[in-house]
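Going by UniProt numbering, the sequence shown wraps up at 605, each residue one higher than the last. Every residue gets a Cβ at the ideal spot worked out from N, C-alpha and C, and that includes glycine. Quantities reported herein were computed from a predicted structural model and do not represent experimental measurements. Since the structure comes first, as structure tokens, the remarks are kept for the end.
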Amino acid sequence: MCFDIFCHGCSPHVVELQLSPGAPARPLRVCTPCKAAIDNDKRLMEVRRLVQENRDLKARIQSIAHDTDTRVHAQMAVAATLRTNAIAQGCNMTAVDKSIQDKCRDDDPGAAVLDLHIKTPPAHKFRPSESVEASEQLRVANRQLVLCLKVAETRAKKALERVDATTAVLQEAIQNQRKPWRPIARLVVPFLTIVDLKRLAQSARPFQAYIATHDLERSSCYRRAFPHHFRPQFWMWRTCCDADTHKYICDLADALSSHLGHPSDSDDALHWSSIMLKSSATWSEAYSLVVAKCGADGTLEHDKQILADVQRTFGRSSLRKQTRKLALHAAQDDVDAKKVALARVLRAFTATHSTLGYCQGMNFLAAFLLTNVHWNEAQAFWLLTAVAVSPQYQLMELYRPGVPLLNLRFYQLQALVQQLLPDLHAHFEAHDFHVSMCASGWFMTLFTNCDTLPADAVVRVLDCFLVYGWKCIFQVALALLQFLQPDLLQVDFEAIVDVFYTLDDNALILHPEYLIHAAHAMPVTDQMLNELQAAYELEFPGTLGSLRPYATTPSAVQVAGKAAATPTRRTRLLPSLLTALSLSNSSPTAVDDDVGMLDVNCKIS
1 MCFDIFCHGC SPHVVELQLS PGAPARPLRV CTPCKAAIDN DKRLMEVRRL VQENRDLKAR
61 IQSIAHDTDT RVHAQMAVAA TLRTNAIAQG CNMTAVDKSI QDKCRDDDPG AAVLDLHIKT
121 PPAHKFRPSE SVEASEQLRV ANRQLVLCLK VAETRAKKAL ERVDATTAVL QEAIQNQRKP
181 WRPIARLVVP FLTIVDLKRL AQSARPFQAY IATHDLERSS CYRRAFPHHF RPQFWMWRTC
241 CDADTHKYIC DLADALSSHL GHPSDSDDAL HWSSIMLKSS ATWSEAYSLV VAKCGADGTL
301 EHDKQILADV QRTFGRSSLR KQTRKLALHA AQDDVDAKKV ALARVLRAFT ATHSTLGYCQ
361 GMNFLAAFLL TNVHWNEAQA FWLLTAVAVS PQYQLMELYR PGVPLLNLRF YQLQALVQQL
421 LPDLHAHFEA HDFHVSMCAS GWFMTLFTNC DTLPADAVVR VLDCFLVYGW KCIFQVALAL
481 LQFLQPDLLQ VDFEAIVDVF YTLDDNALIL HPEYLIHAAH AMPVTDQMLN ELQAAYELEF
541 PGTLGSLRPY ATTPSAVQVA GKAAATPTRR TRLLPSLLTA LSLSNSSPTA VDDDVGMLDV
601 NCKIS
């Protein structure tokens, strides 16, 4: 390197140089040739780094493929032995293969594992050179190798999950075959209610494990109804299975409890959890406080619309032509008192969730909840709050201004009708009839407006909705359309809607258990709904905002321990409710915008 004292002062370039090993870098002026040599040396160092990194990436890819292949072959040998034992013990291999297929999501349960070989780009073999082209090729190869590494890790994970699922199903089949009470249990379970299953689980550990493993408590909702007096507790239990919903309700209750002067300690969450499903004076006092802070009728922003919808809720449906009346006001002399109760619940809910406000459809849902908790306002308020804020049911997005979720539901139902009921879809298309003309009330009220279904059937629909989510609503809608398809195909545009509201009261589809079994037979899955949501977002980008793909509610196996789990990153503590309510009675202060929109991705049980 040139350090000519005659040109050093006028050299045009300044670089950081170490004049000796270990010495600090100092800014020195160098001539143009020396600057070019330094830059070239830096480029070569970057090239050498890329070459080494590419080689390491390829080695990791090959190592993952080799290790996975070894483990998969070992597991396949175990699975082959288990399959032989299962056949020898007389297991139903058709059912076993079907279970493997369902768990692996594969058309052929006996198919070979995924191809673990990943073709890597050849550019990582290039030697370092001063060529700019070679450096760019190495960078491209580096990006390709990083993608290949992710593909290799994904394939390895899927291959291991597939063989593990196969092994688990075979082991369970052998175990079930060895225990004589297992076949009896499979035959008896369809006749047990959820209360029976709870009692059976408490009788012995093997029964408890069997019920938990097969998730029988959830599936029992599709099979049989349970005692009416148990329903409010069951509904609240299901809505609070989600950890963030449970935390939200407990934070809200704790904020109110602190204002009421109730003693608290470090076990607040445990305390509220312990009385979540029980009748407690504290919950009633907390609700009464909210009602008191709401002020007189007409002082809140949405009071006018709420009071008008309360009258409409108890009024006679203009659509329903039959003589059946809603259960919430049939043969009742105290309708005025019930109107006041419904208005109080709706005002309390909208005041505590002012960013959401009020939306038509809430009135029918709140009235139906009140009916099923024997018009206990406090219990209905907490239940409505839990159902609304839970990310399992996405009602916040459904009722948010602009109802962004409603058009998605129409899109999904239209696609499902086209797929599962093609003749009916063609008839609708020929008469320019869209399913939204009949389904808007179904979705906005979850069938609780009782224009199409009787109240006893709607109760069973809500049972299943709180367990399985929106999948159940779509199944019920499709079951209705399938049952009415012969009549719908015979009428034109003007009479199509009337078919839904002129159902004979003795129609088989209106029987609660028949309706639920018919709905359960409709092949609708959460994966189908998520795929349709993705297609909707591609067709109408930006309309759903930050809405996440739908996920089912957690099973009973996942409930234990969730309440104590660490909240997700977007979960926030509830702001002081009293601050939000006491600042002004005329216009409720907005609470945290994220209240009720808890960002949680529930696992599919």
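Sorted by chain position, which residues of the same chain lie with C-beta nearer than 7 Å to Leu82's C-beta, five sequence neighbours on each side aside?
-> Locating residue 82 in the sequence shown gives position 82, counting from the first residue. Cβ neighbours of Leu82 beyond the five flanking positions: Thr167, Leu170, Gln171 and Ile174.
Out of curiosity, what's the CA-to-CA distance linking Ala479 and Ala521?
-> Taking the sequence shown and counting its residues from 1, one reaches residue 479 at position 479. Taking the sequence shown and counting its residues from 1, one reaches residue 521 at position 521. For Ala479 and Ala521, the distance between alpha carbons rounds to 8 Å.
Classify Asp432 as buried or exposed, calling it buried when 16 or more other Cβ atoms lie within 10 Å of its own Cβ.
-> Within the sequence shown, residue 432 is the residue found at index 432, counting from 1. It counts as exposed.
What residue does the alpha helix (DSSP H) around His427 start on, and which one ends it?
-> Translated into the one-based positions of the sequence shown, residue 427 becomes position 427. Where His427 is concerned, the enclosing alpha helix (DSSP H) stretches over Pro422 to Ala430.
Is the beta carbon of Tyr358 sitting closer than 7 Å to the one on Thr371?
-> Position 358 of the sequence shown holds residue 358. Position 371 of the sequence shown holds residue 371. Judged by beta-carbon spacing, Thr371 lies beyond the 7 Å limit of Tyr358, meaning their Cβ atoms are not closer than that value.
Using the DSSP secondary-structure output, state which residues sit across from Pro404 in a beta bridge.
-> The count along the sequence shown starts at 1 and reaches residue 404 at position 404. The partner list for Pro404 (beta bridge, DSSP) is empty, contrary to what the question assumes.
Taking three-plus beta-carbon pairs below 8 Å as touching, is the stretch 447-455 in contact with the stretch 406-420?
-> Output reads no: the stretch 406-420 does not touch the stretch 447-455.
With 16 other Cβ atoms within 10 Å as the buried cut-off, status of Arg344 = Translated into positions along the sequence shown, residue 344 becomes position 344. By the neighbour-count rule (16 or more Cβ atoms within 10 Å), Arg344 is buried.
Do you know how far the Cα of Ile64 is from the Cα of Ala152?
-> Position 152 of the sequence shown, counted from the first residue, corresponds to residue 152. Position 64 of the sequence shown, counted from the first residue, corresponds to residue 64. Taking the straight line from one Cα to the other gives about 7 Å.
Reference Arg139; option with closest CA among Arg178, Leu200, Val189 and Asn54 | If you number the sequence shown from 1, residue 139 lands on position 139. Nearest of Arg178, Leu200, Val189 and Asn54 to Arg139, Cα basis: Asn54.
May I ask you to report which of helix, strand or coil DSSP gives Pro27?
-> As a working mapping, residue 27 is identified with position 27 in the sequence shown. In the structure shown, Pro27 sits in a strand (DSSP, three-state: E or B).
Mind checking which residues open and close the alpha helix (DSSP H) that includes Thr94?
-> Position 94 of the sequence shown, counted from the start, is the residue given in the question as residue 94. Where Thr94 is concerned, the enclosing alpha helix (DSSP H) stretches over Met93 to Cys104.
Close beta carbons around Ala366, own chain, < 8 Å, minus the five adjacent residues each side | Locating residue 366 in the sequence shown gives position 366, where the first residue counts as 1. Only Leu342, Val345, Leu346, Phe349, Ala380 and Leu384 meet the Cβ criterion.
Can you tell me which of the three DSSP states Gln394 falls into?
-> As a working mapping, residue 394 is identified with position 394 in the sequence shown. It is coil, neither helix nor strand.
From which residue to which residue does the alpha helix (DSSP H) around Tyr358 run?
-> As a first step, residue 358 is located in the sequence shown; it is residue number 358 there, counting from the start. Tyr358: not part of any alpha helix (DSSP H); DSSP gives it neither H nor E.
Selected residue, minimal CA-CA separation from Asn197, among Ala243, Glu217, Arg178 and Pro404 = Here residue 197 refers to the residue found at position 197 of the sequence shown. First, the amino acid is wrong: residue 197 is Leu here, not Asn. Per the C-alpha coordinates, the member of Ala243, Glu217, Arg178 and Pro404 positioned closest to Leu197 is Glu217.
Taking C-alpha atoms, which residue in Val310, Gln360 and Leu356 lies nearest to Lys339?
-> Counted from its first residue, the sequence shown places residue 339 at position 339. The candidate whose alpha carbon is nearest that of Lys339 is Val310.
Compare the Cα-Cα distances from Ser288 to each of Ala378, Val96, Ile61 and Thr84 and report the closest residue.
-> Residue numbering aside, residue 288 sits at position 288 when the sequence shown is read from its first letter. Ranking Ala378, Val96, Ile61 and Thr84 by Cα distance to Ser288 puts Ala378 first.
Apart from the five residues on each side of it in sequence, which residues of its chain come closer than 6 Å, Cβ to Cβ, to Phe447?
-> Counting from one through the sequence shown, the residue named residue 447 turns up at place 447. The answer, listed in chain order, is Leu453, Val458 and Val461.
Compute the Euclidean distance between the alpha carbons of Ala156 and Lys58, then round it to the nearest angstrom.
-> If you number the sequence shown from 1, residue 156 lands on position 156. If you number the sequence shown from 1, residue 58 lands on position 58. Whole-angstrom Cα-Cα distance: 15 Å.
Within 10 angstroms of the Cβ of Val146, are there 16 or more other Cβ atoms? Answer buried if so, exposed if not.
-> Mapped onto the sequence shown, residue 146 falls at position 146. Flag for Val146 reads exposed.
DSSP state of Trp442 mapped onto helix, strand, coil = Residue mapping note: residue 442 aligns to position 442 of the sequence shown, counting from 1. Helix.
Three-state secondary structure assigned by DSSP to Glu537 = Taking the sequence shown and counting its residues from 1, the one referred to as residue 537 is at position 537. Here Glu537 carries a helix assignment [DSSP, helix/strand/coil].
Would you mind sorting Met236 into buried or exposed? The rule is 16 or more other CB atoms within 10 Å of its CB.
-> Within the sequence shown, residue 236 is the residue found at index 236, counting from 1. With 16 or more Cβ atoms within 10 Å of its Cβ, Met236 is classed as buried.
Roughly how many angstroms lie between the CA atoms of Trp442 and Asn376, to the nearest whole one?
-> By 1-based counting over the sequence shown, the position of residue 442 is 442. By 1-based counting over the sequence shown, the position of residue 376 is 376. Straight-line Cα distance between these residues: approximately 25 Å.
Look at the alpha carbon of His425 and the alpha carbon of Leu488, and state the distance between them as a whole number of angstroms.
-> As a working note, residue 425 is residue 425 in the sequence shown. As a working note, residue 488 is residue 488 in the sequence shown. Spanning the two alpha carbons is a distance of roughly 11 Å.
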